[in-house]
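Scroll down for the structure; my scribbles are underneath it.
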Amino acid sequence: MICGFDYGTSNCALGIVQNSCVRLVNLEDDHAFLPSTLYALDRDLITESVIRGIGDIASRQAFAELRQNAIARAKRARYEEDIAEEDQTLFFGRAAFNEYFQWPEEGYFVKSPKSFLGGAGLRAEHIHFFEDVVTVMMQNIKQRAEKSLGAEITHTVIGRPVNFQGLDAEVSNRQALDILTTAGKRAGFKEIEFLYEPIAAGLDFEVTLTENKTVLVVDIGGGTTDCAMVRMGPEYLAKEDRRNDFLAHTGERVGGNDLDIQIAGKHFMPLFGMDSLLKTGLPMPTQLYWNAITTNDVSAIATFNSMETRHQINQLRLDAAQPKLIERFLRMREEKHNYHIVRSAEEAKIALSDTSQYLASLDYIETDLSASISREELTKSIFSPLEKMLNLMTLAIEQAGEKPDLIYITGGSAKSPVIREAIQHRLGDIPVLDGDHFGSVAAGLTVWSDRIFR
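Residues 9 to 462, numbered by my numbering, are exactly what the sequence shown covers, in order.
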């Protein structure tokens with residue numbers, strides 16, 4: 009079978025063409041979207057699961073040689089932690105969130121691994137680990153889909169952002185695509201192609217047009233914002249070669265996760281001592297707070313989890329004018345609730361799409377701990393990443409050399425009225441249409457997969 013595969017920063021989805029129509033396959037109960045999360049009882053059990061999921065014997069043996077140390081550690085972890093062969097060791101999607109929320113300090117939690125794939129300065133062992141994380145997630149999704157469909161999936165088109173990272177984009181993109189290709193092959197896909205995500209979103213939208221238009225497609229994903237200026241409509245729909253129809257594309261590693269991080273920093277971190285004072289009257293250092301919640305940056309999280317940061321927080325507790333806030337911060341770190349805090353920020357962002365005021369509960373940290381956020385306050389807190397998104401839209405229009413007839417926005421964060429109002433304010437009186445905020449990329453990838461593999 010042929011599929012389109014949206015391996016997203018926030019969610020994953022897989023689509024097929026059935027009876028000439030695109031259908032997204034349910035991956036978790038009646039949900040077509042599986043959160044891009046993984047929880048393992050032990051980190052090395054991820055690698056162990058990969059080798060168990062590789063079907064080809066020669067490939068399995070080759071992988072075993074590459075990962076023999078990690079596989080040996082996994083066996084040791086099973087023995088030391090008394091994990092039986094039949095025990096479930098990995099959890100995905102909503103189940104991964106549930107396990108992390110219940111046992112944050114016990115296992116190994118990964119959220120939005122796609123954000124890390126193009127990271128600069130990754131050592132070979134980091135790249136190998138990300139290969140294993142992506143592989144085991146792809147294996148899981150492929151198996152779920154095949155079980156639902158009753159058939160093997162062999163060919164896929166996977167979505168990719170314009171740029172995985174902002175710095176040294178060419179090297180970053182090659183590294184990320186190599187990881188995705190390796191993972192896809194190990195997951196069992198025989199043929200893999202890639203397509204820019206904003207173009208995929210545009211292909212899904214194009215089938216609804218009754219006349220030709222020049223469209224600015226804006227895809228605000230969890231990890232990146234991508235824009236494409238595309239000529240589309242009835243005259244273009246059946247064309248095999250669409251290269252001349254794509255007038256411009258821009259992209260940067262700024263997305264919904266960055267909005268969540270800003271919300272967490274500006275509205276939640278003061279509850280843990282950020283913006284408070286030392287006994288000397290000097291302001292509290294802020295970088296360790298940002299390290300705690302910058303969950304899409306490997307080095308920031310590694311620094312936050314280091315012993316050096318633990319010692320620094322302990323010293324700040326002695327020097328702080330309000331030591332109880334620092335004690336709360338230290339407890340949050342020890343119990344590994346930083347991912348939960350960013351998740352709470354995301355929930356606040358979603359809620360403020362429909363209401364003007366939201367009370368965010370942080371009772372998993374402390375009973376009755378909460379923060380009230382208004383839509384106006386949220387607008388101020390996300391100014392910096394939102395400005396970057398708007399600049400990408402403006403640049404795409406400038407590169408194309410013409411004004412779009414309409415703007416088509418998709419991606420989870422694009423639902424926010426704050427973002428929509430900002431787009432209209434910046435780009436002027438151009439109609440703004442909403443797509444399927446979660447499914448348009450997967451649907452477009454499916455349309456393209458059917459076109460190139462049939």
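Don't be surprised by glycine CBs; every beta carbon is placed ideally from N, CA and C.
So the candidates are THR218, ILE161, LYS122 and GLU201; which of them puts its Cα closest to the Cα of ALA184?
The alpha carbon of ALA184 has as its nearest neighbour, out of THR218, ILE161, LYS122 and GLU201, the alpha carbon of LYS122.
Across which residues does DSSP place PRO291 in a beta bridge pair?
LEU285
PRO206 and ASP234 - do their beta-carbons sit closer together than 8 Å?
yes
Is any heavy atom of the ligand GDP found at a distance shorter than 7 Å from the C-beta of ARG68?
Summarising the ligand content, the structure contains no ligands, and the ligand GDP is consequently not present.
For SER457, which option in ALA66, PHE71 and GLU199 has the closest C-alpha, if you only look at C-alpha atoms?
GLU199
May I have the straight-line CA-CA distance separating TYR244 from VAL215, to the nearest angstrom?
10 Å
To the nearest angstrom, report how far apart GLN26 and ILE166 are at their CA atoms.
Pairing GLN26 with ILE166, the inter-Cα distance amounts to about 19 Å.
Given ALA78, which residues of its chain have a CB within under 7 Å of its CB, disregarding the five upstream and five downstream residues?
ASP52 and THR55
Between which residues of its own chain and ALA300 is the CB-CB distance below 6 Å, once the five residues before and five after are set aside?
Correct list, in chain order: PHE312 and ASN346.
With distances taken from CA atoms, which of SER421, ARG459, ILE271 and GLU335 is nearest SER18?
Answer by Cα proximity: SER421.
What's the call for ASN322, buried or exposed, on a 16-neighbour Cβ count within 10 Å?
By the neighbour-count rule (16 or more Cβ atoms within 10 Å), ASN322 is not buried but exposed.
Thinking C-alpha only, which one of THR164, ASP90, GLY241 and ASP212 is nearest THR189?
Ranking THR164, ASP90, GLY241 and ASP212 by CA distance to the CA of THR189 puts THR164 first.
By how many angstroms is the C-alpha of THR97 removed from the C-alpha of THR232?
31 Å
For VAL226 versus ILE349, is the C-beta spacing smaller than 8 Å?
no
What residue range is occupied by the uninterrupted beta strand (DSSP E) comprising PHE254?
254 to 260
Kindly provide the ranges of any alpha helix (DSSP H) runs that are 4 or more residues long and lie completely inside the region 162 to 230, ordered along the chain.
Entirely contained in the region 162 to 230, the alpha helix (DSSP H) runs reaching 4 residues are, in chain order, 177 to 195 and 205 to 214.
Going by DSSP, name the residue or residues bridged to PRO43.
Bridge partners of PRO43: ASN19.
Rounded to whole angstroms, what is the Cα-Cα separation between PHE391 and ALA256?
Spanning the alpha carbons of PHE391 and ALA256 requires a straight line of approximately 25 Å.
May I have the straight-line CA-CA distance separating GLY12 from ALA450, to the nearest angstrom?
6 Å
Applying the 10 Å Cβ sphere with the 16-neighbour rule, what's the burial state of TYR108?
Burial call: buried.
Going by DSSP, what residue range makes up the alpha helix (DSSP H) through GLN365?
Element bounds for GLN365: not the alpha helix (DSSP H) but the beta strand (DSSP E), 365 to 369.
My understanding is that VAL262 touches PRO393, with C-beta atoms under 8 Å, so please give their C-beta distance in whole angstroms.
5 Å
From THR258 to ILE228, what does the alpha carbon distance come to, in whole angstroms?
12 Å
If I measure Cβ to Cβ from PHE138 and keep anything under 7 Å in the same chain, skipping five residues before and after, which residues do I get?
PRO121, PHE124, LEU125 and ILE187
In chain order, what are the residue ranges of uninterrupted beta strand (DSSP E) at least 3 long that sit wholly in the region 39 to 113?
45 to 48 and 98 to 100
With DSSP collapsed to three states, give me the class of ILE390.
coil
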